[in-house]
Amino acid sequence: MDLSTALVCLIIGLPLAGFFINGVLGLISSSYRENKPLIGTIANVAVFAPFLIALYLFFNHSADASAVVVTLFTWIDVGTLTVDIAYRIDQLSLLMVLVVTGVGAFIHLYSIGYMGHDPGYWKFFAYLNLFIFAMLNLVMGNNLLLLFLGWEGVGLCSYLLIGFWYKDMAKSDAAKKAFIYNRVGDFAFLIGMFMVFQTVGSLDFDVILGNLEAFSSEYLFWIGLLFFIGATGKSAQIPLFVWLPDAMAGPTSVSALIHAATMVTSGIYLITRLSEMYVLSPEVMLIVSVIGGLTAIVAATIALTQNDIKRVLAYSTVSQLGYMFLALGAGGFTAAMFHVVTHAFFKACLFLGSGSVIHTMEHVGEKLKKEGKEVDFDPQDIRFMGGLRKSMPSTYKTFLIATIAIAGIPPLAGFFSKDEILMHAFSAGLGEYAGSLYMILWGVGIATAFLTAFYMFRLTFSTFHGKFKLPEKVKEASGAESHLHESPVSMTLPLWVLAVASVIGGFMGIPNFVVETFTGQTANINLLHPWLDTIAADYPIVMGKAVEWLLMGLAVAIAAGAVWIAWKMYGEGRVEESDAVVTAKTGVFYKVWQEKYNFDEFYEALVVRPVVRFSDRVLAVFDMKVVDGFVNAVGGTVRLFGSLIRYVQSGVISSYALYLVIGVILVMAMMLS
Amino acid sequence: MDYLYDLNTFLPATIMAAAGLVAILMAAYKARIGNIFNFTIVALVMALAVSIRDLFGPDGTAFFDMIAYGGTAAFGAFLVTLGTLFCVVISRDYLEAIDHHYREVYAMILFGSTGMVGLAVSNDLIMLFLGVETMSICLYVLAGLIKGEKIGAESALKYVLLGAFSTGFLLYGIALIYGATGATSYAVVAGAAEATPLFLAGTALLLVGFFFKISAVPFHMWTPDVYQGTPTTLTAYFATASKAASFIALVLVLSRMIPEIEGVELTQLLQVIAILTMIVGNLIALVQDNVKRMLAYSSIAHAGYILVGLAAGTPEGYTGVLYYLFAYTIMNIGAFGVIAYYERNHALDFTDVHNYAGLGYKFPVMGVLLSVFLFSLIGIPPFVGFLGKYYVFAAAVNAGLVTLAVIGVLASAASVFYYLRVMVYLYFREPHKEYQLVRPGALFKYSLILLGILTLWYGIEPIFPTDSLIELISTYY
Amino acid sequence: MVEIDWYLALSAILFTIGALGVLIRRNAVVVLMCIELMLNAVNISLVSFASYHGDITGQILVFFSLSVAAAEAVVGLAIIIAIFRNNLSVDITRINLLRW
């Protein structure tokens, strides 16, 4: 076994081992379940160690090195289909592994504090490890089937973790919703996979991307579209995005890990992995962009109207994912991956920060209950918050940093990645194919950037600025502010790590033209483009430097303007009064946004209710009368026979001997005939 | 030195025979029963190690062609030793709990297993007869272990009378074959035999003897009664080790003594018996409430599935039979083991399925294990029972016996009902009253967990890859 | 010189009588005796076959068969005694607790 095989085995194997240790021991031993330090340590080691190994691999892999494929064993060998359990170490997978294990590791650390009092502690960490294992299979798998295994695996873990507090009916419903919406996408993914196999007879990436000429243009279109539909399920795009906001029912660290940083970006990973295939079909590229742009603005407008801190972040995630798809469709694969990375930093930071806030608010509620005050409030509702910056300085600072990053203020991480996306959209707008459409999409991107900065600062200001509103709004809650406190170090440390990453994360992708303008010669400051060069089939940027500067300036101005407006309106933390102003200004639109464009109701009317009605009136009757009737009749008859012939077994030795003799005669007759 | 070499090829049985003598002396001198138990375990582990060695050893015949070694025979010795070891391991706690932990039990088991190994490696009708009888007489004694209770004595009486009765037919069959060919050694018989009525009648009676031991319908009547009246862990011993030995002896007879004789057509007969066995076994199992009795009927059904592989009559079919026997041994000992554990709490009648209500939550490991074993007995992937069924049915299909395979699959579909019924009671019914279960002993618990792991593991990763098994068997062709 | 057929016929008749006895008789001890009769009937066959073939194997098998029959009788009688202690009867038609 060579070194890379051993390391890959460790990366993949450790989270799996963590899952088995915590899962199995937790299942069979009640004393182990109580040993929380040990459980937490095992789960954390199972993620931190792969992170370090991934770092080692990362620094030993040069940008122009070809992919290292580690084949462990043959998984399936049926007819012409051969599928290996084989993992791929290349620039793209290393990038994703770093994000998954890196962000994952700090979220594991955070969960020690966050889930500290939960009786399902062991189960939680077992699931979390299993998720990391599945996610690593997804990003490291060398063939579509292994990727699909990971794809389904993360879906399963997502289901388990959303419904982690399954005794709450709403939460277990949310888990089911997530699972079912994902299944719709998975179905398309499967068909796409079949079409690929039909064409090239293999599911290995090298074979697929090496034989692109074997695909007809119709096949390229349909395969691309089907994989994209799969991606809309997992990465929460229109029309399948509605599960993600509901997925916030899970513990907050789950939302940070699965529903912001890693799993939901797997659709972007998939398309980047197949980018050479996608660029051959401009129609699909356009569809990807349009859906992405639409999702970005739709989700951003909804986010504007939400009062649940996690829901705002959820819609923001959907919106940012839309951004990434916009970039993919405009040929900015590297830009999309760049945004995946930076988004993982600041969105994980935001979610963990919100978790810290919720943790404290719940704590306040418990304290008040102990004092005998009957208070009933939603600990996630920003209308009860405000002024938390004094009591929670670390959470506030990190949250603010991440907000600045997502808003696209230079030089934080979000600025560079978002700017590169807009640049690609504009560049595609100057292209020949559907130029005007791409130009509109660029406009949508700018508008979304404005909205993003606005609603994020609305969220931050309402939560942390002004006065603590709980005592004002709920009379019984007087004195609640004395119970506010900062979260433990195991929770704030990951916040700071992620905040720092949100600050400096963007420097890996500084556009070359920035330096070139000043030095006047070709610069090579951008690290990401050369790194992904062999994999991502990016469109070239066609504008001159002046236009690029102009666009960048515009983006900054828009973001800064939005922040300024948000400051004016929400700076004092007066969320409800200012929301009223926004409502008045936007009128009927606000109503639509607040109703979330009625997507849920639309599905309810178009799919759920007809299906339920059909099942109820036709299928159920058929099932009960025909199917069950038939089955029961068969079963009943069989049992009747059984209950009749059992009486042959009379218990009397003589009769047994008689049957034996009859048997002898039978055998003799058959032999001698 | 030839005798020493021959003895070496027969080492597992030799060890067990010697250990049995020592064990009975220890019993006679009132040694502590724990010591006898430990001694038995040590002897069986040694025998198992030797039998595993023999699996990879050469093959041939020894003791003037009386026994075979290597290949199928070695697999038989291995299977018997494995089954015996596990049955002994789970027996101590159980027999102690039901107050029938006699010193002589282990000696009887060791002698019985000596007979089983002899049976499984026999290469001569005399050896076959001796093996069958050594095995059977020990089993008669073990069946009557609970002699103070009516059902214990009754089961022993039924076993001994019917067993001896069938021995008469077996012996008559041997006599007729001897009369027809003038020999008892398989190879010589195969060379000298013609399809005369005398030879055919002899073969028929010999097969009757086998059908009785493997409890094929209509020779099965003793099985449920004996299994029900015998202490549960010993029932496991009856149902696995003795049956494996008989089946492997049957494989040897069919593949070495009969195959090349013109005009002797066994497929038809084996098919009819297989179909009868599968159908009757499953049908009556459907309506049983006593779990032990249900498992007895299910073991009849399983004998039917194994007969499907024999009916195929190809090396592939015999391979399937061997694999099936392995699967059947581990999963059935496991299932009986868990039932024995429940039965230990004999304040309640824990052999009635109605009393299994809610039991799965009482001591979760045991509930999970029982579910694993039952799933495997149904033949659901990824458990070992599935692979066993797959191999025998696939062999039947490849041999052109499609109807037989279809009936087999339908019959095992019916079996889902009675196995799942136990699980429904385990997990989905409310218990009638409150009670506490005793904790299982560590050795007992971990040996069952090991069986559970084996059941799962060999369902995913076939033990003895079938190619090498086919090779093992093909050496006889 | 009596031909072998007669020995075989005698053996077959005795065997059948034994088997019928097992089917008909109700006393467990008598049933056991009938089984002994069957085994010994087979022994006659074996000996006559051995003599017919001029081969000693059949006679060796008779020795084994005799000792096995003895062992079986011992175990069988011991069990019948146990049955008698429990039921105060050895009527096999009344020993049917285990059935169905």
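Going line by line, the protein sequences match chains A, B and C.
Using this note's numbering, you'd call the opening residue of the first sequence number 1 and step up by one each time.
Using this note's numbering, you'd call the opening residue of the second sequence number 674 and step up by one each time.
Using this note's numbering, you'd call the opening residue of the third sequence number 1151 and step up by one each time.
Positions of the beta carbon are idealized from the N, C-alpha and C atoms, including for glycine.
For N1005 of chain B, the CB contacts under 6 Å within the same chain, skipping 5 residues up- and downstream, are A912, T913 in chain order.
Taking the CA atoms as reference points, G977 of chain B sits about 53 Å from Y269 of chain A. In this structure, DSSP gives S281 of chain A a state outside helix and strand, which the three-state scheme calls coil.
Taking the Cα of F325 of chain A as reference, the smallest distance to any Cα among A:T301, A:L244, A:K418 is reached at A:K418.
The beta carbon of G1033 of chain B sits closer than 6 Å to the beta carbons of G1040, L1099, Y1100 from its chain, once the five residues preceding and following it are set aside; these are given in chain order. Note on geometry: alpha-carbon atoms of E486 of chain A and V357 of chain A lie some 9 Å from one another.
The CB of Y659 of chain A comes closer than 7 Å to the CB of P891, M894 in chain B, given here in chain order. For F73 of chain A, there are no neighbours in chain B by C-beta distance under 7 Å, as the nearest C-beta there is about 11 Å away.
Chain order gives the chain B residues near L1196 of chain C as L844, I847, A848, Y851, G852, where near means a beta carbon separation below 9 Å.
Below the 8 Å Cβ cutoff, chain B contributes K831, L835, M894, W895 as neighbours of Y656 of chain A, in chain order. Taken atom to atom, the span from the alpha-carbon of I191 of chain A to that of G1073 of chain B is near 36 Å. Less than 8 Å separates the beta-carbon of G651 of chain A from that of R1249 of chain C. Counted as a single uninterrupted DSSP element, the stretch harbouring D898 of chain B is not any beta strand (DSSP E) but the alpha helix (DSSP H) occupying residues 895-902. Closer than 8 Å to the CB of D1025 of chain B there is not a single CB belonging to chain A. Rounded to the nearest whole angstrom, the CA to CA distance from R88 of chain A to A6 of chain A is 13 Å.
Contact annotation: the region 951-967 of chain B does not touch the region 789-803 of chain B, with fewer than three C-beta pairs closer than 8 Å. Taking the Cβ atoms as the reference, V762 of chain B lies roughly 14 Å from I709 of chain B, outside the contact range of under 8 Å. Rounded to the nearest angstrom, the gap between the Cα atoms of I957 of chain B and A1232 of chain C is 30 Å. A check of alpha carbon separations from N711 of chain B across B:V862, B:R776, B:D772 identifies B:R776 as the nearest. Look at F1009 of chain B here: in three-state DSSP terms it is helix. When 9 Å is used as the limit between beta carbons, G651 of chain A is near these residues of chain B: E827, K831, D898, in chain order. Spanning the alpha carbons of F759 of chain B and H774 of chain B requires a straight line of approximately 17 Å. If the five residues before and after G733 of chain B are omitted, its C-beta is found closer than 7 Å to the C-beta atoms of Y742, G743, all from its own chain and listed in chain order. At least one beta carbon of chain C lies nearer than 8 Å to the beta carbon of Y647 of chain A. In the DSSP assignment, A917 of chain B falls within the unbroken alpha helix (DSSP H) covering 916-925. Annotated as proximal: L980 of chain B and I946 of chain B, with beta-carbon spacing under 8 Å. Inter-segment contact for the region 180-195 of chain A and the region 51-64 of chain A is absent: fewer than three beta-carbon pairs are separated by less than 8 Å. Taking 8 Å as the threshold, the shortest C-beta distance from T1243 of chain C to chain B does not fall below it.
Rounded to whole angstroms, L203 of chain A and I132 of chain A show a C-alpha spacing of 23 Å.
Under the 8 Å criterion on CB atoms, G13 of chain A is classed as non-interfacial with respect to chain B. The region 36-47 of chain A makes no contact with the region 137-145 of chain A; the number of CB pairs closer than 8 Å stays below 3. Closest option to T463 of chain A, judged by alpha-carbon separation, among A:L484, A:G443, A:F450, A:G445: A:L484. For F838 of chain B, the residues of chain C that pass the 7 Å Cβ criterion are V1172, I1185, in the order they occur in the chain. F751 of chain B: member of the alpha helix (DSSP H) spanning 744-770, first to last residue. Put simply, the region 1163-1172 of chain C does not touch the region 1124-1132 of chain B. Fewer than three CB pairs are less than 8 Å apart. Neighbourhood of V1180 of chain C in chain B, by CB distance below 7 Å: empty, with the nearest CB roughly 11 Å away.
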